[in-house]
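Working notes for the structure below.
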Amino acid sequence: MKDNALHFALFGNPVGHSLSPLMHGAAFAGMGLRAQYSAFCVQDLALAAQGIRGMGLRGVSVTIPFKTAVMDLLDEIEETARMIGAVNTIRNDGGRLMGFNTDAAGLMKDLKEVTNLRGKRVVVLGAGGAARSAVFGLIREGALVHIVNRTAEKGERLAGEFGCTSSALSDKSQIGGDILINTTSVGMTPVVDASPLEPYFLKRFHWVVDIVYNPLKTKLLKDAEAAGCHIRNGIGMFVHQGAEQIRIWTGLTPPLELMQKVVMERLS
Ligand code: NAP
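In the working numbering, the protein residues as written are 57 to 324.
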């Protein structure tokens, strides 16, 4: 790459199966940008963050397990990311590192393509990092959120932070509403025959959303389809959160359809 190229990276551990290099690479090529995006399996996050300045990277995507830890290493955290408590995007403004979160916006954009969220009763399965973004975004859109988590205390803590309700996954009495969103990793490749919820409970929902996108149709989504629900996988969220990263880094509009196409082709 010539000196005037823009350089981007993914920091995570592991990163081997990430589709971000494929998606961002296609987007930059489609935009005619001289840019390179590489994945790094990071061993020492503090040194890696320092390397953003040292190597003059323009932007970095941050994934598991660094989304929270990276916050202490940045110069400034944008308000949404601070409220969510996680950063998945870093922009390097001449050595000053600014943290953003595009997961919440990515999921909300995707959901709003198919349904209105205001006043909807939404059950969020899980209370990890992805759930934080989902709950934050949903509440901001005016949804009525109930968190259901395997470890009840973790669900209660998250519900307390965002002012919603919660229950344990073992107690099915409160599982019902307009939309169910799975934010757990259950059902993800390679354990594709697992589902976080028994098929019986799915008919209590109009929409069932799984933010997992590998496989494209998880067991949860297959069961939900069989139960007559509308279904949505995690591809749209993934593409939208990536597109938002490109907007933050470059100020330009990314080619959404192209990004979606290359990811779908790889997963199909
Ligand atoms: P995380 O912080 O590790 O949280 C995992 C959650 O899953 C926890 O609530 C955990 O419950 C629950 N869980 C794990 N195993 C379970 C099981 N066997 N039964 C019931 N619950 C279980 O992970 P994360 O960062 O939130 O990521 C979760 C998933 O979201 C991953 O598959 C990730 O790829 C996906 N994701 C997708 C996108 C996208 O763009 N589509 C973006 C971000 C994340 P406990 O609290 O009880 O442990």
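Backbone N, C-alpha and C define an ideal beta-carbon position, used for all residues, glycine too.
Inset, instruction - Give a single yes or no on whether Gln301 has its beta carbon closer than 7 angstroms to a heavy atom of ligand 1. - result: Gln301 Cβ: outside cutoff for every heavy atom of ligand 1.
Inset, instruction - Buried or exposed for Gln106, please, with buried defined as at least 16 other CB atoms from any protein chain shown within 10 angstroms of its CB. - result: Exposed, because fewer than 16 other Cβ atoms sit within 10 Å of the Cβ of Gln106.
Inset, instruction - Would you give the residue range spanned by the alpha helix (DSSP H) that Met139 belongs to? - result: Run containing Met139: Glu135 to Ile140, per the alpha helix (DSSP H) assignment.
Inset, instruction - May I have the straight-line CA-CA distance separating Ala183 from Leu66, to the nearest angstrom? - result: Between Ala183 and Leu66, the C-alpha separation is close to 24 angstroms.
Inset, instruction - Please confirm whether any heavy atom of ligand 1 lies closer than 7 angstroms to the CB of Val242. - result: True, at least one ligand heavy atom lies under 7 angstroms from that Cβ.
Legend entry - Which of helix, strand or coil DSSP assigns to Met154: When DSSP states are grouped into helix, strand and coil, Met154 belongs to the strand group.
Legend entry - Residue range of the alpha helix (DSSP H) that includes Arg288: The continuous stretches of alpha helix (DSSP H) do not include Arg288, which lies in the beta strand (DSSP E) extending over residues His286 to Arg288.
Legend entry - Three-way DSSP call (helix, strand, coil) for Arg260 in this model: Reduced to three states, the DSSP call for Arg260 is helix.
Legend entry - beta strand (DSSP E) segment containing Ile235, residue limits: Segment Ile235 to Asn238, the beta strand (DSSP E) holding Ile235.
Legend entry - Pairwise C-alpha distance: Met127 and Gly155: Straight-line Cα distance between these residues: approximately 7 angstroms.
Inset, instruction - Could you check what DSSP says for Leu308 in three-state terms: helix, strand or coil? - result: In the displayed model, Leu308 falls within coil according to three-state DSSP, outside both helix and strand.
Inset, instruction - With DSSP as the reference, label Asp266 as helix, strand or coil. - result: In the structure shown, Asp266 sits in a strand (DSSP, three-state: E or B).
Legend entry - Span separating the alpha-carbon of Pro271 from that of Gly216: The straight-line gap from Cα to Cα measures roughly 33 angstroms.
Legend entry - Element boundaries [beta strand (DSSP E), containing Gly243]: That residue, Gly243, is in no beta strand (DSSP E); it is neither H nor E in DSSP.
Inset, instruction - Rounded to whole angstroms, what's the CA-CA distance from Val170 to Val295? Just pull it up for me. - result: Taking the straight line joining both Cα atoms gives about 15 angstroms.
Legend entry - Met293 beta carbon near ligand 1 (any heavy atom closer than 7 angstroms): It does: the Cβ of Met293 is within 7 angstroms (strictly closer) of some heavy atom of ligand 1.
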